[in-house]
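Beneath this line is the structure, given in structure tokens, with notes to follow.
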Amino acid sequence: MFLTYSKGISGNFRKSETEVSVTAPQHLKGELMQVRSSIAATVLASAMILPMAAPALAAPDQPSRSQAVEKKDTLRWVAPQDLKIGTAVAGGGHHETQPYPAPFTFDQEYRQRLAAEFSSVSPENQSKWEFVHPEHNTYRFAEMDAIVQFAQENKQVVRGHTLFWHSQNPAWLEEGNFSKDELRAILKDHIQTVVGRYAGKIQQWDVANEIFNEDGTLRTTDNIWIRELGPEIIADAFRWAHEADPKAKLFFNDYGVEGINAKSNAYLDLIPKLQAQGVPVDGFAIQGHLSTRYGFPGDLQANLQRFDALGLETAITEIDVRMDVAAGTTPTDAQLATQASYYQRALEACVSVEECNSFTIWGFTDKYSWVPVFFSGEGEATVMWNDFTRKPAYYALQDTLEQASSGRGNR
Ligand code: 9MR
-3 MFLTYSKGIS
7 GNFRKSETEV
17 SVTAPQHLKG
27 ELMQVRSSIA
37 ATVLASAMIL
47 PMAAPALAAP
57 DQPSRSQAVE
67 KKDTLRWVAP
77 QDLKIGTAVA
87 GGGHHETQPY
97 PAPFTFDQEY
107 RQRLAAEFSS
117 VSPENQSKWE
127 FVHPEHNTYR
137 FAEMDAIVQF
147 AQENKQVVRG
157 HTLFWHSQNP
167 AWLEEGNFSK
177 DELRAILKDH
187 IQTVVGRYAG
197 KIQQWDVANE
207 IFNEDGTLRT
217 TDNIWIRELG
227 PEIIADAFRW
237 AHEADPKAKL
247 FFNDYGVEGI
257 NAKSNAYLDL
267 IPKLQAQGVP
277 VDGFAIQGHL
287 STRYGFPGDL
297 QANLQRFDAL
307 GLETAITEID
317 VRMDVAAGTT
327 PTDAQLATQA
337 SYYQRALEAC
347 VSVEECNSFT
357 IWGFTDKYSW
367 VPVFFSGEGE
377 ATVMWNDFTR
387 KPAYYALQDT
397 LEQASSGRGN
407 R
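This is the structure in structure tokens:
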């Protein structure tokens, strides 16, 4: 299922490099080979004033007023109440020879920022098949349970990710030679077990992830469910999820659908057809993995708008903006400004669309980011440096949220 490639890890911040070997998931096959990662050896003191422990907050969407002095500078504080501002919770990924960090379990500053800055959290890998269902009859819920509990304690919503995907499936499933009936039963059991466990505690589920190819055709070869059970199984996945948690909003989620193109057109075509059959689809989510190598997708807002016009919720679910950074160098001011403008324009697009209610960044600090592990020569894709200090991109988001709050009202 995985291919092997090599990468270098700098033991100190963009200094020495050591070649090691890691595996890349199927869905990134062919995309990435030589990669480089920079990880700060030490965490510097934060410039922000924050409480020592992740607090239990008083209001459903914002920190309590009594902590206003410390908190009102954060993203969730300045965001409009009807817009969730989220992040992936790092952990559980494919960094086999560089054990993927799970900072949520040990990094207190990470946890404090996670609580203080965000009103929505997404398990980066901890609710994917491979992680949560490692053996046929074994579920592994501890990590996801902890994230959901943390979210509840900090008045955050959770985006579940994901139930129906071609990647990060366990070997027992992909190589199991199951009959069609068995596969169908396995999928139903998985969806109802996982969604049912967290019923009432998940705001949005990415039910189906990345089901289309770039040309708008269904992934009929690499998606085991579509290949073995036919496209009709997509509707069943949504139905089973809805049965297990009628309150959760159920989404399609994909990358490469930021603009109006063959892939996003395919979703625009599919979703109304499913809805006409009574299939409970609530939303369309755009991941937003961007690179400054390419222009900003200027039709993002128009694209979101046409899904909104169908009566769907929309969301940006995984945005990051990577840039070219040679080993031993730091991004230039111009690079940082370009990155900031991409984040800002994406957020502006979302806030301009009525039912775009959730904007999630795929990790908030370069200290824990999937990007340099997967993209050779690119990195620095998040809004905070390794030491949690804020980049121009952070302030661009903060300013945009502040403006959106006055525009959308309801503070
Ligand atoms: O960030 C995730 C990383 O830790 C994993 O190793 C990787 C493996 O596929 O998946 C990353 O998250 C992906 C997300 O689940 C779906 N959209 C693309 C994301 C980046 O690959």
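Take -3 as the starting number for the sequence shown in this note's numbering and just add one per residue. Even for Gly, the Cβ is constructed at its ideal location relative to N, Cα and C. Since the model is a prediction, treat every value here as computed from it, not as a measurement.
R289 sits exposed, since fewer than 16 C-beta atoms from the chains shown fall within 10 Å of its C-beta. For E254, the Cβ stays outside the 7 Å cut-off from all heavy atoms of the ligand 9MR. Around the beta carbon of K363, a 10 Å sphere encloses 16 or more other beta carbons of the protein chains shown; the residue is thus reported as buried. Residue W201 holds the alpha-carbon nearest to the alpha-carbon of F248 among G284, W201, Q273, A258.
Proximity to L286 across T313, F303, G274 peaks at T313, based on C-alpha coordinates. When C-alpha distances from D329 are compared across S348, T356, A389, the shortest belongs to A389. Of the candidates H90, Q283, G87, F234, F234 places its Cα closest to the Cα of V275. When secondary structure is reduced to three states using DSSP, V349 falls in the coil class, being assigned neither helix nor strand. Collapsing the DSSP output to three states places D103 in coil. DSSP, reduced to helix, strand and coil, places W201 within a strand of the structure shown. Classified as exposed, K176 has fewer than 16 neighbouring CB atoms from the shown chains inside 10 Å of its CB. For I222, the uninterrupted alpha helix (DSSP H) run begins and ends at 220 to 225, by DSSP. If you check the C-beta of W366 against the ligand 9MR, you find a heavy atom less than 7 Å away. Residue pairing by DSSP places H157 opposite D202 in a beta bridge.
Contact annotation: G212 and N261 have beta-carbon atoms nearer than 8 Å. Contact between A231 and Q273 holds, with the beta-carbon distance rounding to 7 Å and staying under 8 Å. Exclusion of the five residues before and after Q188 leaves W236, A240 as the residues of its chain whose Cβ lies within less than 6 Å of its Cβ. The segment 144 to 153 and the segment 108 to 117 touch, with no fewer than 3 CB-CB distances between them shorter than 8 Å. Remark: fewer than three beta-carbon pairs, one from each stretch, lie closer than 8 Å, so the segment 178 to 185 and the segment 194 to 210 are not flagged as touching. Taking 7 Å as the cut-off, the C-beta of Y96 counts as close to a heavy atom of the ligand 9MR. Proximity of the beta carbon of N121 to the ligand 9MR is indicated: a heavy atom of the ligand is located closer than 7 Å. A direct Cα-to-Cα measurement between L225 and V321 gives close to 44 Å.
When L266, T356, Y194, D69 are compared, the shortest CA-CA separation from P242 is found for Y194.
Here Y96 has G89 as same chain residues with Cβ atoms under 6 Å from its own Cβ, once five neighbours each way along the sequence are excluded.
Proximity of the beta carbon of Y251 to the ligand 9MR is indicated: a heavy atom of the ligand is located closer than 7 Å. Excluding sequence positions up to five before and after T396, its CB lies within less than 8 Å of the CB of Q340, L343, E344, V347, all in the same chain and listed in chain order. According to the DSSP assignment, R215 belongs to no beta strand (DSSP E), since it is labelled neither H nor E.
Across the set K80, A111, D69, M380, the C-alpha of K80 shows the shortest separation from the C-alpha of E309.
G255 is positioned such that its CB atom lies no closer than 8 Å to that of L300.
In the three-state scheme derived from DSSP, where H, G and I count as helix and E and B as strand, N299 is classed as helix. Taking A142 as reference, the option from H129, T158, Q122 with the minimal CA-CA separation is Q122.
In the DSSP assignment, D316 falls within the unbroken beta strand (DSSP E) covering 309 to 320. Apart from sequence neighbours up to five positions away, the residues of its chain that approach R223 with a beta-carbon distance below 7 Å are T216, T217, ordered along the chain. P327 and A333 have their C-alpha atoms some 10 Å from each other. Secondary structure of T385 (DSSP, three-state): coil. Residue state for H162 is assigned as coil, using DSSP reduced to three classes.
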